[in-house]
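J.:
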Amino acid sequence: MSRVTHLPKLHLTAQQALITTEENNTADGRRLSKPAPWQEVMPVLPVHLRRLISNLPSNLLEKLEEIRLRQNRSLIVGLPDEDSFVSQNGVPVKNPGEAYLVTADDIQRVTQLISGCSLYALEEELKNGFITLPGGHRVGLTGKTVVEGGRVKMLKYISGLNIRISREVNGIATPLLSYLIDHKSGSIHHTLIFSPPRCGKTTLLRDIIHQLSNGIPELNFPGQVIGVVDERSELAGCYRGIPQRDVGVRTDVLDGCPKAEGMFMLLRSMSPQVIATDEIGGPEDFAALEGVFNAGVKVLTTVHAASLTELANRPALNNLLNMRLIERFVLLGRSRGIGTIEKIIDGKTMRPL
Amino acid sequence: MLKLLGSIVVTIAGGLTGMVIARSYSLRPVELRYLQSALQMLETEITYTATPLAEALGLVAARADNRVAPLFEQTRAELLSMSGCTAGEAWENALRKFYPQSALLTCDFSILRSLGSALGISDSRDQSKHLRLAMEQIGMEINRAESNALRHVKLWNYLGFLGGLVIVLLFY
């Protein structure tokens, strides 16, 4: 069972903090003006950390990917190709000794703020080790796990946090699209995008969904009805069920729903032409995928793996590979920046295209 | 004539003072009762529907009696302002504003204050325990406040009036 959680709207007025991230939401939840991605996560930081981060040089802030807080250790910000310590005054430094030391109080405050001071409402999320913020940003958590009956029941003594800033990059999928479209069926090929973590899978998938859903006139491709199962609220960044990211005009989003169950729910209820999910992993996901592959809809999904061999080494995936159902494999890397499309492999011949 | 008028004024003043003191005695159990039921609502919101704290506080503020609603409303407002304060701090700030306007005593204040430090920081079972503890403590205070009220309300109502009379008689 998944519990729908509501985080309070992150509102921040100019007097109270240094950075304004006022979201001018209309009554139907559409967003009028948008703050920079890094500004969207500022409300979850205590005031002194907000000041520290916003003092960073602006070229660095634009590229900011992660803010890592580890108790009693130095504050680190993650950038595309490196990470950097941050000093007391918000200056990037190389030496961890000069960096701001994250205190127990900082961790506790951030933990409270990311949960909207309602940890009890996020028990399910704490079990999974991450919390999604309004805007689709994700906070990873580590600490001491409480295990009951061999399963993680709760995370206590939270001591490490990683705030990952998600961003929309319009158009990064464009070079890939002509490989995915199957003009014979008037739809797309079954596609699996794989890469190690932090290579932009989710961002790419979001852009593919956005473009396919709206239709691509240059490729003479009409818009498709797309069903998205967004278990971790990362793809569409739903806040109270309303996508905060642009996922296209013909896209239906099941937010916070377990993937296996969600795919069948969409199949039965929303008659999608394409079903998209992010980060399949569990055996139940693969079992469900097998069902969906043969149900007349196209599947678009991602998985963590660095190579085809790694994919094949995972028993559940290997089974799927042997069935030769996936028609396109896309490998992402960082060789020319995040989201570099390294390889596109034809699933029938297993040769690069 | 002037003397008579003065003595009437003194008697009335004495009587009113007595009534004001009596009222504070009779109000305290009433407010405590309202607080108890508001906390009960909060517990329900937290344990059964896992409503986020700010929203839960809003619902409680809307349904609770006007005498205690500001405490919940202000905590909610402070939480929503995202000024970076925790639920405990928001609660304490609201409590400090609420306390002087209420009929509560320091012992009630400290019960509510210690509840605040636990608000929102743990799973629902733990939250429920803290809320129940506070409700139980408030329940004990209600009993004490009621027996106090029973004795003191009558006492002060008479005492103020009679005190006024005594002063009049002494100086007449």
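Which chain is which? The protein sequence lines are A and B, in order.
For the first sequence, counting from 1, position 129 maps to 129 in the numbering used here; every step adds exactly one.
For the second sequence, counting from 1, position 148 maps to 148 in the numbering used here; every step adds exactly one.
Positions of the beta carbon are idealized from the N, C-alpha and C atoms, including for glycine.
Keep in mind the model is a prediction, meaning the values are calculated, not measured.
(1) According to DSSP, is G146/B part of a helix, a strand, or is it coil?
(2) Where does H152/B sit, in a helix, a strand or coil, going by DSSP?
(3) What is the residue span of the beta strand (DSSP E) that A276/A lies within?
(4) Going along chain B, which residues have a C-beta under 8 angstroms from V152/A?
(5) For R151/A, which beta-bridge partners are listed by DSSP?
(6) Out of L56/A, I107/A, V228/A and R167/A, which has the shortest C-alpha to C-alpha gap to P35/A?
(7) Have a look at A22/B and H137/A and give me their C-alpha separation to the nearest angstrom.
(8) Quick one: list the residues of chain B neighbouring Q112/A, beta-carbon separation under 7 angstroms, in chain order.
(9) With 8 angstroms set as the bound, which would you pick, yes or no: does the beta-carbon of A50/B sit closer than that to a beta-carbon of chain A?
(10) Using DSSP with H/G/I as helix, E/B as strand and the rest coil, what is N318/A?
(11) In the DSSP assignment, find the alpha helix (DSSP H) that holds R264/A and state where it starts and stops.
(12) Starting from the beta carbon of A54/B, find every residue of chain A whose beta carbon is closer than 8 angstroms, and list them in chain order.
(13) Taking all protein chains shown into account, do 16 or more other C-beta atoms lie within 10 angstroms of the C-beta of D65/B, making it buried, or fewer, making it exposed?
(14) Cβ of V86/A less than 8 angstroms from any chain B Cβ?
(15) Since I believe S24/B is in contact with A145/B (beta carbons under 8 angstroms), could you give me their beta-carbon distance rounded to a whole number of angstroms?
(16) Using 8 angstroms as the threshold, is the segment 295 to 306 of chain A in touch with the segment 191 to 198 of chain A, meaning 3 or more CB pairs across them?
(17) Run the CB neighbour count on E218/A, radius 10 Å, all protein chains shown included, and call it buried at 16 or more, exposed below.
(18) Give me the chain B residues within the contact set of P37/A, using Cβ-Cβ distance strictly less than 9 angstroms, ordered along the chain.
(19) Can you give me the Cβ contacts of A38/B inside the same chain, cut-off strictly under 7 angstroms, excluding the 5 residues immediately before and after it?
(20) Should Q39/A go down as buried or exposed, given a rule of 16 or more other Cβ atoms within 10 Å for buried?
(21) What ranges does the beta strand (DSSP E) occupy inside the segment 43 to 98 of chain A, keeping only unbroken runs of at least 3 residues that lie completely in it?
(22) Take the Cβ of Y157/A as the centre, count every other Cβ of all protein chains shown within 10 Å, and call the residue buried at 16 or more, exposed below.
(23) Mind checking if V229/A is an interface residue toward chain B, Cβ cutoff 8 angstroms exclusive?
(24) State yes or no: is the beta carbon of Q101/B nearer than 8 angstroms to at least one beta carbon in chain A?
(25) When you compare only the Cα positions, how much space is there between L212/A and D246/A?
(26) Would you report the Cα separation of Q36/B and L119/A, rounded to the nearest angstrom?
(27) Please classify L170/B: is it buried, with 16 or more other beta-carbons within 10 angstroms of its beta-carbon, or exposed?
(28) Please classify E62/A: is it buried, with 16 or more other beta-carbons within 10 angstroms of its beta-carbon, or exposed?
(29) Beta carbons nearer than 7 angstroms to chain A: which residues of the segment 16 to 50 of chain B have them?
(30) On the criterion of 16 or more Cβ atoms from any shown chain inside 10 Å, does T349/A qualify as buried, or is it exposed?
(31) Quickly, what does DSSP pair I121/B with across the bridge? List them, please.
(32) Determine whether the Cβ of P258/A lies closer than 8 angstroms to any Cβ atom of chain B.
(33) Under a three-way DSSP split, which group does L324/A fall into?
(34) Going by Cα to Cα distance, which pick from L266/A, T309/A, A287/A and V249/A is closest to C257/A?
(35) Note down the Cα distance separating S128/B from Y48/B, rounded to an integer number of angstroms.
(36) Under DSSP, the beta strand (DSSP E) around K343/A begins and ends at which residues?
T.: Looking at the coordinates:
(1) Going by the sequence as given, residue 146/B is Glu instead of Gly. In the structure shown, E146/B falls within a helical segment according to DSSP collapsed to helix, strand and coil.
(2) Under the three-state reduction of DSSP, H152/B is assigned to helix.
(3) V274 to T277
(4) Taking a Cβ-Cβ threshold of 8 angstroms, none of the residues of chain B is close to V152/A; the smallest such distance is about 13 angstroms.
(5) E148/A
(6) R167/A
(7) Here the alpha carbons of H137/A and A22/B stand approximately 56 angstroms from one another.
(8) T86, A87, G120 and I121
(9) yes
(10) DSSP places N318/A in helix when its eight states are reduced to three.
(11) The residue you asked about is not Arg; residue 264/A is Phe in the sequence shown. Per DSSP, F264/A belongs to the alpha helix (DSSP H) from K259 to S269.
(12) P8, G116, C117 and S118
(13) Around the CB of D65/B, fewer than 16 other CB atoms lie within 10 Å, so the residue is classed as exposed.
(14) no
(15) That pair is no contact at about 11 angstroms.
(16) yes
(17) exposed
(18) Correct list: empty, because the minimum Cβ distance to chain B is about 17 angstroms.
(19) V60, A64, V68 and F72
(20) buried
(21) 66 to 70, 76 to 78 and 83 to 86
(22) exposed
(23) no
(24) no
(25) 12 angstroms
(26) 23 angstroms
(27) exposed
(28) exposed
(29) I46 and A50
(30) exposed
(31) For I121/B, which the question treats as bridged, DSSP gives no partner whatsoever.
(32) no
(33) Correcting the residue type first, residue 324/A is Arg in the shown sequence and not Leu. Coil.
(34) L266/A
(35) 10 angstroms
(36) T340 to D346
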